[in-house]
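Asker: Numbering (the numbering used here), first residue to last: 112 to 708.
Structure provided below as C-alpha cells; questions to follow.
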C-alpha cells in the first residue's frame, strides 16, 4: 500500500496521485537543514541556492550497483521532461571518495547529471537514505523531504507529484511526505547503505574532552576566542553547547572552516578543510546533545580543555617587530561609496635590511576591506606593480580578508633599502558609523649581515580593462580565464584568487611543455570575505615554459545573496560593486642568474 502524510493543498494533490488506497495523517515534514556538497567534477552546490526552484530531486547512486543503469536513463528522462521548476542530482553517500571513478562512469554512460559526493556520509544520514536507487524529493526552502520512493517504479509517481507541485502555490516546508513502493525485506531494489561512523558513535558518543575539544582547539579556537576575529568565543563547553545548532549548520553547508578548497586536488598547508572523520565526530556529538564528559578537579569544578587554552598576549605573530610602519590615520565617514585612498609613507630605517616577515594590523577591520602595496626604492619615482614586480624588492604584507601574516620561506627575502617609501592603495567601506582607521605594518628583518640566497617571484593571470568583457545581467555562471607563462624552471609556492561580490569559483591548471595538463587547485566556493593565498605543502616544480591558467566564474544572478545588482552588465572596476579577475601565482626561479636576466 502506498502511504503518505500531508497537509493543506499538497494533501489533495497527493490523494489524486496515489488514489483512494492511501492513508492520511496530519504531519509536518521534519526539517533536515541546508547542506552543500561538491559534485564529481568538483563544482559546489548549496541547496539554498536553488530556493527559486519548487523542489530538488535526488537519486541515491552507487558505482557498484549495476542495476542502476536503466534507472539512470529513466531518471534523466524525468529531468528532461520536468521543466525549469526542478533541479535533479545524483548523490553518492557511499563515503568511498572515489570521485574520479564516478566522473569516468558518468562520462562513459553519457549522463550529464551532477553527482553530489557525500564523502562524510552526513547528508545521506540526514536525508535518511538507506540504499542506492532511492529517490528523494527535497524542498530547498524549508529544507525537508517532500517525497521518497524506491526503484524505477517510483519515478512515475514522482513525475506526477512534480507536475502537481508545479501547479501548486503551496510549496512551503509543510508539504506531502510520500512513501512510494517500499522495498521488501530482501532489499532487492538496490545496495544497502551503511553508515559506519554513525553506528560507532551511536554505541559510544565522541568524547568532548578527548575528541571534540581538540578538534575545536586546532581548527576553530584561534579565531573563536576572546579578542579574536570571530563573532563569538569557543572557550568552554557551555559556549560550544549554546552554539551547537549553528556549528552543525555551518559544517554541513561548508561555510566553516572559512575559505576551504577542494580536498581532492593538491595538498596545501592551509586548505581549511576538516577531515571527514572530524566532521562526523562533531556532527554526531551535536546530534547526541553535545554531552560533557570532563573529569572533576575538585569542589565541583570539572576540567574543560577549551577553558584551559592560552593565547599570545602580543598582537604580533612573530614577536615584537623590528620596525613598524605607521599608516597615516584615515577618516572613514558613516555612509557613502568611497574612492580608493592612496598614500605614500616614508620608511625610516638607517641601513638596508633583508625582510623575512611582515604583518598588517588594521586599525578598524570593520571598514578596511583590503590594501595593496609596492616599495619605491630611493631615487625612484614609482614602485613596482601592486601585484608583483622586482623579486629583489621585499614583499610587504597587505591586508586581505582572511590572510595570515606573511613569513618568507627559509633563506628567502627581499632587500628593503634605506630611504625607500611604501606606496599604498587602501579600500574602505562604510558601515553606518563614522570611524578612524589607524593601521600599522610590522616588519621583521634577517640578522644584520645575513643575505638570503633566494628570491620570490610571481605573476598574475589577470584581466584588466583592455581584455575585460562585461558580465551579462542575471548570468549565474559567467566564465573567464587568463593564462601566464613561467619562463624559467621554478618551484610554485602559492596561488591566490581575487574577485568581488559576484566571484563564484576559480580553478588553476598547469599546462606543461610536453603538453600534459594538471589541475593545481580548485577554489570551488569562492568567498569574497576570505581571500586566501593557498600555499602548497611542498613547492611544485614547474619546468620552463609551463603555462598557468586561471579559470573562474561569476554569479550575477538573483540567487547570489551578495550580488548588489543582478540586472547590471558588470564592468571591471576598483569598487566591490564592479568586478575583478586576478589569479596570482608565486614561485621561485631555480636558476636565479637566468631569472635575473
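In this text, a Cβ means the ideal position worked out from N, Cα and C, and glycines have one as well.
Does DSSP put residue 485 in a helix, in a strand, or in coil?
Answerer: As a first step, residue 485 must be located in the chain shown, where it is residue number 374. The answer is strand: DSSP assigns residue 485 an E or B state.
Asker: For residue 354, which of helix, strand or coil comes out of DSSP?
Answerer: One-based indexing of the chain shown puts residue 354 at position 243. In the structure shown, residue 354 sits in a helix (DSSP, three-state: H, G or I).
Asker: Going straight from the alpha carbon of residue 405 to that of residue 676, what length do you get?
Answerer: Within the chain shown, the letter at position 294 stands for residue 405. Within the chain shown, the letter at position 565 stands for residue 676. Distance between the alpha carbons of residue 405 and residue 676 is about 51 Å.
Asker: With DSSP as the reference, label residue 137 as helix, strand or coil.
Answerer: For the purposes of this step, residue 137 is taken as residue 26 along the chain shown, with counting starting at 1. Any reading at residue 137 needs caution, since the residue's pLDDT is 25, under 50, leaving its predicted position unreliable; the model's value is listed next. Three-state DSSP puts residue 137 in coil, outside helix and strand.
Asker: Quick one: complete alpha helix (DSSP H) runs, 4+ long, within the stretch 623-656?
Answerer: none
Asker: Given this structure, state the Cα-to-Cα distance separating residue 570 from residue 631, to the nearest angstrom.
Answerer: Walking along the chain shown from the start, residue 570 turns up at place 459. Walking along the chain shown from the start, residue 631 turns up at place 520. Each residue's alpha carbon lies about 16 Å from the other.
Asker: Who are residue 255's beta bridge partners in DSSP?
Answerer: Within the chain shown, numbered from 1, the residue matching residue 255 stands at position 144. Its beta-bridge partners are 142, 250.
Asker: Quick check: the Cα distance between residue 681 and residue 670, rounded to an integer number of angstroms?
Answerer: One-based indexing of the chain shown puts residue 681 at position 570. One-based indexing of the chain shown puts residue 670 at position 559. Rounded to whole angstroms, residue 681 to residue 670 spans 16 Å at the Cα level.
Asker: Quick one: Cα of residue 327 to Cα of residue 345, how far?
Answerer: The residue labelled residue 327 in the question sits at position 216 within the chain shown. The residue labelled residue 345 in the question sits at position 234 within the chain shown. Approximately 8 Å, taken between the alpha carbons.
Asker: How many whole angstroms separate the CB atoms of residue 505 and residue 486, which I take to be in contact at a CB cut-off of 8 Å?
Answerer: In the chain shown, counting from the first residue as 1, residue 505 sits at position 394. In the chain shown, counting from the first residue as 1, residue 486 sits at position 375. Their Cβ separation, rounded to whole angstroms, is 6 Å, which keeps residue 505 and residue 486 in contact under 8 Å.
Asker: Can you give me the C-alpha to C-alpha distance between residue 620 and residue 442, rounded to a whole angstrom?
Answerer: Numbered from 1 along the chain shown, position 509 holds the residue referred to as residue 620. Numbered from 1 along the chain shown, position 331 holds the residue referred to as residue 442. Computed Cα separation, rounded: 42 Å.
Asker: Taking all protein chains shown into account, decide if residue 603 is buried (16 or more other Cβ within 10 angstroms of its Cβ) or exposed.
Answerer: In the chain shown, the residue the question calls residue 603 occupies position 492. With 16 or more other Cβ atoms within 10 Å, it is buried.
Asker: What first and last residue would you give for the beta strand (DSSP E) that runs through residue 179?
Answerer: For this step, residue 179 is matched to residue 68 along the chain shown. For residue 179, there is no enclosing beta strand (DSSP E); the enclosing alpha helix (DSSP H) has its first and last residue at 179-193.
Asker: What does the Cβ neighbour count give for residue 301, buried or exposed, with the cut at 16 atoms within 10 Å?
Answerer: The residue labelled residue 301 in the question sits at position 190 within the chain shown. It counts as buried.
Asker: Leaving out five residues on either side along the sequence, give the residues of the same chain with a beta carbon under 8 Å from the beta carbon of residue 547.
Answerer: Counting from one through the chain shown, the residue named residue 547 turns up at place 436. Hits under 8 Å: 440, 441, 442, 443, 474, 475.
Asker: Mapping the DSSP letters down to three states, classify residue 697 as helix, strand or coil.
Answerer: By one-based count along the chain shown, residue 697 stands at place 586. Here residue 697 sits in strand by DSSP.
Asker: When the Cα atoms are used, what is the spatial distance from residue 666 to residue 586?
Answerer: Here residue 666 refers to the residue found at position 555 of the chain shown. Here residue 586 refers to the residue found at position 475 of the chain shown. Counting only the Cα atoms, residue 586 lies some 6 Å from residue 666.
Asker: Assess, as a yes-or-no matter, whether the stretch 476-483 is touched by the stretch 535-546 under the definition of 3 or more beta carbon pairs within less than 8 Å.
Answerer: yes
Asker: Count the other CB atoms, across all protein chains shown, that sit within 10 Å of the CB of residue 561; report buried if there are 16 or more and exposed otherwise.
Answerer: On the chain shown, position 450 is the one that residue 561 refers to. So residue 561 counts as exposed.
Asker: Is there contact between the stretch 622-640 and the stretch 571-591, where contact requires at least three CB pairs shorter than 8 Å?
Answerer: no
Asker: Inspect the beta-carbon positions of residue 436 and residue 533 and report whether they are closer than 8 Å.
Answerer: Against the chain shown, residue 436 aligns to sequence position 325. Against the chain shown, residue 533 aligns to sequence position 422. Yes, these two residues count as a Cβ contact at 8 Å.
Asker: Cα separation between residue 592 and residue 153?
Answerer: Residue mapping note: residue 592 aligns to position 481 of the chain shown, counting from 1. Residue mapping note: residue 153 aligns to position 42 of the chain shown, counting from 1. So the two alpha carbons sit approximately 17 Å from each other.
Asker: For the beta strand (DSSP E) that residue 566 lies in, which residues bound it at each end?
Answerer: The sequence position of residue 566 within the chain shown is 455, counting from 1. Premise fails: residue 566 is in no beta strand (DSSP E) and is neither H nor E.
Asker: Tell me, please, whether the stretch 373-387 touches the stretch 647-667 by the rule of three or more beta-carbon pairs shorter than 8 Å.
Answerer: yes
Asker: Could you check where the beta strand (DSSP E) with residue 58 kicks off and where it finishes?
Answerer: Outside the modelled stretch of the chain, which goes from 112 to 708, sits residue 58, for which no answer is possible.
Asker: Going along the chain, which residues of its own chain have a beta-carbon closer than 8 Å to the beta-carbon of residue 539, five neighbours each way excluded?
Answerer: Stepping through the chain shown from its first residue, residue 539 is reached at position 428. Answer for residue 539: 441, 443, 449, 452, 478, 479, 480, 548, listed in chain order.
Asker: Label residue 607 either buried or exposed according to how many other C-beta atoms from any shown protein chain fall within 10 Å of its C-beta, with 16 as the threshold for buried.
Answerer: Taking the chain shown and counting its residues from 1, one reaches residue 607 at position 496. When all chains shown are included, residue 607 counts as buried.
Asker: Strictly by DSSP, which residues pair up with residue 661?
Answerer: Here residue 661 corresponds to residue number 550 of the chain shown, with the count starting at 1. Per DSSP, 593, 619.
Asker: Assess, as a yes-or-no matter, whether the stretch 179-191 is touched by the stretch 256-273 under the definition of 3 or more beta carbon pairs within less than 8 Å.
Answerer: Inter-segment contact for the stretch 256-273 and the stretch 179-191 is present: three or more beta-carbon pairs are separated by less than 8 Å.
Asker: Quick check: the Cα distance between residue 353 and residue 653, rounded to an integer number of angstroms?
Answerer: Working through the chain shown from its first residue, we reach residue 353 at position 242. Working through the chain shown from its first residue, we reach residue 653 at position 542. The straight-line gap from Cα to Cα measures roughly 49 Å.
Asker: State the DSSP-derived secondary structure class of residue 689, mapped to helix, strand or coil.
Answerer: Within the chain shown, residue 689 is the residue found at index 578, counting from 1. Here residue 689 sits in coil by DSSP.
Asker: Decide if the stretch 414-423 is in contact with the stretch 322-340; the criterion is three or more beta carbon pairs, one per stretch, under 8 Å apart.
Answerer: yes
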